[in-house]
Each structure stands twice: as C-alpha cells, then as structure tokens.
Amino acid sequence: MPQNTLHRQLNRNLNLYLSQGFLSWFIISWPIEILYFAQILESYTLAMSLFALQNLCLVFFELPLNWLADKYGRKNLCILGALSLFLGYLCYSFAGGYFLLFLGAIFCGISRSLHVNTDALIHSSLQYMNRLQEYEYIRAKCQKIMQIGLGIAALVSICAVMYSLRLAVQITLIPLALSFVLSLFLIEAPFPQPRNDNFFIHLKMVLKYIQGNRRLSGLALGESLRYGLNEAAFDFNAAFFKQFVPVWSLGIFRALGLVLEHIGSRLSSMFSAQWGISKTTIRGAFADSIINIVAVLMSSFWSLFVRLGAPFCSGVREPLQNALIKEESPDRTHEIIISLMSLGKSLIYALCALFIGVVADLSNPYWALLSAYVLCLLSNWLYQESLKEE
Numbered sequence: 219m220p221q222n223t224l225h226r227q228l229n230r231n232l233n234l235y236l237s238q239g240f241l242s243w244f245i246i247s248w249p250i251e252i253l254y255f256a257q258i259l260e261s262y263t264l265a266m267s268l269f270a271l272q273n274l275c276l277v278f279f280e281l282p283l284n285w286l287a288d289k290y291g292r293k294n295l296c297i298l299g300a301l302s303l304f305l306g307y308l309c310y311s312f313a314g315g316y317f318l319l320f321l322g323a324i325f326c327g328i329s330r331s332l333h334v335n336t337d338a339l340i341h342s343s344l345q346y347m348n349r350l351q352e353y354e355y356i357r358a359k360c361q362k363i364m365q366i367g368l369g370i371a372a373l374v375s376i377c378a379v380m381y382s383l384r385l386a387v388q389i390t391l392i393p394l395a396l397s398f399v400l401s402l403f404l405i406e407a408p409f410p411q412p413r414n415d416n417f418f419i420h421l422k423m424v425l426k427y428i429q430g431n432r433r434l435s436g437l438a439l440g441e442s443l444r445y446g447l448n449e450a451a452f453d454f455n456a457a458f459f460k461q462f463v464p465v466w467s468l469g470i471f472r473a474l475g476l477v478l479e480h481i482g483s484r485l486s487s488m489f490s491a492q493w494g495i496s497k498t499t500i501r502g503a504f505a506d507s508i509i510n511i512v513a514v515l516m517s518s519f520w521s522l523f524v525r526l527g528a529p530f531c532s533g534v535r536e537p538l539q540n541a542l543i544k545e546e547s548p549d550r551t552h553e554i555i556i557s558l559m560s561l562g563k564s565l566i567y568a569l570c571a572l573f574i575g576v577v578a579d580l581s582n583p584y585w586a587l588l589s590a591y592v593l594c595l596l597s598n599w600l601y602q603e604s605l606k607e608e
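In our numbering, the protein residues as written are 219 to 608.
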C-alpha cells in the first residue's frame with residue numbers, strides 16, 4: 219500500500235476515534251438507569267448489583283483483554299468493544315427480569331474494558347505518522363467530546379422519559395449501533411504499541427514503590443475510596459431525587475452538572491495559584507463531600523440545586539489531584555500506577571454500589587445516600603494525611 223494512502227487511512231482513524239467517542243457515550247438512558255433497573259427488579263440491591271457487575275468486569279477483564287489485543291490486533295478488539303456495548307443495551311432494552319440485565323451488565327463491562335484498545339490504536343497511528351506529540355491533545359479532545367455526548371444525551375432523555383423509561387434505553391441503541399458501524403472502518407496501524415513483556419516485574423516494583431511513598435499511597439487510596447463512594451452514590455441519586463422533581467427533569471440536572479464540572483476544571487489553575495495544589499485538592503474534596511451531605515439533609519426540591527455545587531468542586535479538584543499523582547510517580551511507572559488505581563476504583567465502586575443498594579432496601583434511599591456521602595469524608599482524611607507538610 220502506498221505510504222500516502224496509508225497516511226490518509228491512519229488519519230481517518232483519528233476522526234473515527236472522535237466520532238466514536240461521542241456516539242459511545244451518547245447514552246440517553248444514563249440519568250434514569252437506576253430507576254429503570256429498580257422498576258424491573260423491585261429491589262435497589264439487585265439494581266445496584268448491575269452497576270457493581272460492570273465495574274467488576276473492568277477488574278477481571280482489563281489485563282487479559284490487553285494481552286489479547288497485543289496478539290490479535292487493536293482494531294479487532296475495538297470492534298468487539300463497540301459490539302459489546304450495543305449488545306449490552308440491547309439486553310437492557312428487552313429485559314423483563316434479572317437474567318437479561320445481568321447479561322447486559324457483563325457486555326457493558328467488557329466493552330469498557332476494551333475501550334483502552336482504541337486509545338492504543340490511536341497511539342500507534344500517530345506514532346507511525348510521526349505525530350506522537352499530538353496524542354495527549356487528541357485524547358483530551360475526545361474526553362471533552364465524550365462529555366458533550368453525555369450532556370446532549372441527558373437533554374434528549376427528557377423527551378424519551380416522558381413516554382417511558384424503557385424507551386430511553388431503547389433509543390440509546392441508535393447511537394451505539396452507529397458507533398459499531400464506524401468501528402468497522404478503523405484500520406490496524408503497521409506496528410502495535412510496544413508490549414511490556416515484564417509487566418508483572420514492573421508491577422511488583424510499583425507496589426513496593428507505592429508502599430514506601432506515603433503521599434502516593436494516601437492519594438491512591440483516598441481517590442479510590444472517593445471514586446467508589448461518590449460514583450456509586452451518583453449513579454443511585456436519581457432514586458432519591460425523583461421524589462422532589464419529575465423524572466423527566468433529572469436529565470436537565472445531569473447536563474447542568476457536566477457544564478459546572480467543566481467550568482470548575484477550567485478554573486482549577488486559578489484556585490491552585492491562590493491556595494497551592496495540595497490545599498486546593500484537600501479543600502475541593504471536602505467541599506464536594508459537604509455539599510452532597512447538605513443536599514441530602516435538606517431533602518427538598520432545593521436539594522438538586524445545592525448538589526450542583528459538587529460537580530463544580532470535583533472539576534476544580536480532579537486536574538490538580540492527577541497532577542499530584544503524576545508528580546509522585548516516576549515516568550517509567552506512571553502508567554502502571556494509573557492502571558492499578560483504575561482497578562482499585564472499580565473494585566471499591568462495586569462494593570459501595572452493593573452497600574448503597576442494601577441500605578436502601580433495608581431503610582430508604584435517604585439513608586443510603588447519606589451513609590455513602592458521610593463515609594466519603596474518610597477519603598478527605600486520607601488526602602489530609604498524605605498531603606500534609608512533613
């Protein structure tokens with residue numbers, strides 16, 4: 219194949235990457251999925267177990283699937299990832315009981331495990347075209363497009379939910395089918411991203427390094443705990459807030475939260491210039507937790523507006539926290555540390571999701587959310603301890 223033709227095809231990978239990023243996160247049902255699952259299963263524990271299962275799939279499948287990608291090619295696994303996500307929501311769409319929902323959660327979890335292969339394929343494409351310096355820019359651009367996809371999908375859900383919760387899930391199949399079709403046009407880069415044949419040797423080294431680094435271990439554990447509790451509570455909070463507003467309006471508040479999170483991330487450097495990176499991270503995490511607790515305690519229509527302050531604080535904190543983790547991580551181990559944190563987050567999320575579901579069934583959604591947000595204060599203590607001055 220002529221080199222110019224190959225360059226054009228690899229450049230098309232970049233456009234497909236951005237388009238797929240938008241479509242694969244155009245999940246119209248995401249603001250109301252907990253309500254849909256609970257409506258079918260009549261149990262918050264079983265409903266939250268589906269979210270837990272998705273994250274457990276990330277824990278168990280991410281490393282084996284990466285090995286398969288090295289062996290069979292990134293393109294094939296990217297196609298499989300898009301197909302798995304479509305099949306997951308297809309199962310959700312026609313579920314009448316736990317079996318199809320369980321199967322759908324496995325498909326969705328496998329799809330998210332395979333998502334990393336799209337990043338690797340783009341990395342290889344840029345490397346071949348001698349444009350590797352653009353990788354972080356393109357990846358960041360795709361993250362923004364994904365957020366836009368989620369935001370627009372949340373607004374579209376307003377119309378669908380007015381008719382039925384199931385319709386919101388079924389309409390989601392349209393963008394996911396388009397995402398799968400686009401994945402068929404990806405091409406494999408001439409050489410794969412370099413494999414790390416000594417992964418477990420490096421893993422042992424990284425674990426030893428983390429154990430000996432108080433700041434890094436505190437940050438990693440604190441972030442994993444915060445993510446597990448906060449994200450599980452976020453996926454559940456529609457079950458609590460639905461009593462104060464119409465279900466169709468939940469998409470509006472989800473979209474507003476994404477906007478405020480983006481604004482917070484843009485202002486992050488301004489706050490860090492005023493307070494410093496460590497103090498801003500600690501204060502942002504604490505403010506996030508307090509706002510969530512106050513919103514639940516208010517237990518009224520205004521709770522949804524108060525809670526909008528939480529994604530703003532999260533937007534301020536996350537870029538700084540990521541910078542701190544990178545600062546504490548040697549270049550040769552940074553990627554493995556991030557992967558370990560990702561696995562830790564998914565595992566703790568699964569446990570927290572089940573905890574919230576059980577508490578909600580034994581008492582009510584109020585105590586389930588309040589318990590999760592109060593426990594999240596423990597992560598603030600871990601941040602405080604790890605970032606305090608020697």
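Every residue, glycine too, gets a C-beta built ideally from N, C-alpha and C.
Rank the options by C-alpha distance to the C-alpha of residue i and give the top, closest one.
i: CYS558; options: SER442, THR498 and GLY502; result: Residue identity check: residue 558 is Leu in the sequence provided, not Cys. When each option's Cα is compared against that of LEU558, the closest is SER442.
i: TYR353; options: LEU368, THR336 and ILE366; result: THR336
i: PRO249; options: LEU301, ILE470 and TYR355; result: ILE470
i: ASP506; options: ALA571, LEU301 and LEU595; result: LEU595
i: GLN319; options: GLN272, GLN351 and MET347; result: With the sequence shown as reference, residue 319 is identified as Leu, and Gln is not the correct amino acid for it. The shortest Cα separation from LEU319 among GLN272, GLN351 and MET347 belongs to GLN272.
i: ASN540; options: LEU434, GLY306 and LEU404; result: LEU434
i: ILE509; options: VAL592, VAL277, LEU600 and PHE489; result: VAL592
i: THR263; options: GLN388, ASP579 and GLY475; result: ASP579
i: PHE462; options: ILE376, ALA513 and TYR307; result: ALA513
i: LEU305; options: GLY314, PHE317 and LEU321; result: LEU321
i: LEU234; options: LEU565, LYS359 and LEU522; result: LYS359
i: LYS293; options: SER564, SER342 and ILE389; result: SER342
i: LEU519; options: TYR316, LYS460 and LEU232; result: First, the residue type needs correcting, since residue 519 is Phe and not Leu in the sequence shown. PHE519 has its Cα closest to that of LYS460, out of TYR316, LYS460 and LEU232.
i: ILE258; options: ILE370, VAL387 and LEU526; result: VAL387
i: SER496; options: HIS480, LEU515, PRO537 and TRP466; result: PRO537
i: LEU391; options: ILE366, GLY367, SER490 and TYR310; result: TYR310
i: THR498; options: GLY527, ILE324, ALA473 and LEU542; result: LEU542
For the putative contact between residue i and residue j, defined by C-beta atoms under 8 Å, what is the C-beta separation to the nearest angstrom?
i: ILE297; j: ALA457; result: In fact, because the Cβ distance is near 35 Å, the residues do not count as touching under 8 Å.
i: LEU394; j: SER237; result: Not confirmed; about 13 Å, so no contact.
i: LEU587; j: ASN455; result: 6 Å
i: GLY609; j: GLU406; result: For the chain, the structure presents residues 219 to 608; residue 609 sits outside this window and is missing.
i: MET364; j: GLY239; result: 5 Å
i: ALA300; j: SER397; result: 5 Å
i: MET266; j: ALA571; result: 4 Å
i: LEU303; j: CYS326; result: 6 Å
i: SER517; j: TYR584; result: 6 Å
i: TYR194; j: GLY494; result: Outside the displayed range of the chain (219 to 608) lies residue 194, so it cannot be described from this structure.
i: LEU569; j: GLY440; result: Actually they do not touch by this definition, with Cβ atoms about 16 Å apart.
i: LEU276; j: SER329; result: LEU276 to SER329, Cβ: 10 Å. No contact.
i: LEU228; j: TYR346; result: 6 Å
i: TYR254; j: SER247; result: 7 Å
i: GLU524; j: VAL465; result: One detail in the question is off: residue 524 reads as Val in this sequence, not Glu. Wrong, their Cβ atoms sit about 20 Å apart, outside the cutoff.
i: PHE504; j: ASN598; result: 5 Å
State the DSSP-derived secondary structure class of residue i, mapped to helix, strand or coil.
i: TRP248; result: coil
i: ASN414; result: Confidence in ASN414 is poor, its pLDDT being 48 and thus under 50, which makes the residue's placement unreliable; the coordinate value appears in the next sentence. ASN414: coil per DSSP, three-state reduction.
i: MET380; result: helix
i: LYS609; result: Residue 609 is absent from the model: the chain starts at 219 and stops at 608.
i: ASN455; result: coil
i: GLN461; result: coil
i: TRP243; result: coil
i: ARG433; result: helix
i: GLU406; result: coil
i: MET347; result: coil
i: LEU253; result: helix
i: THR390; result: coil
i: ASN582; result: coil
i: GLU352; result: helix
i: GLU280; result: helix
i: SER589; result: helix
i: CYS594; result: coil
i: SER261; result: coil
i: LEU443; result: helix
i: LEU232; result: helix
i: LEU600; result: helix
What do you reckon, is the C-beta of residue i under 7 Å from a heavy atom of the ligand COA?
i: ARG384; result: As for the ligand COA, it is missing from this structure, which has no ligand bound.
Could you pull out every unbroken alpha helix (DSSP H) segment of at least 4 residues lying fully inside the segment 481 to 526, listed in chain order? Positions of the alpha helix (DSSP H) runs, each at least 4 residues long and wholly inside the segment 481 to 526, are given as 495 to 516 and 521 to 525 in order along the chain.
Whole alpha helix (DSSP H) runs in the segment 285 to 345 with 4 or more residues, listed along the chain? List check, alpha helix (DSSP H) in window: 292 to 312.
Counting pairs of beta carbons, one from the segment 481 to 499 and one from the segment 518 to 533, are three or more of them closer than 8 Å? Touching, yes.
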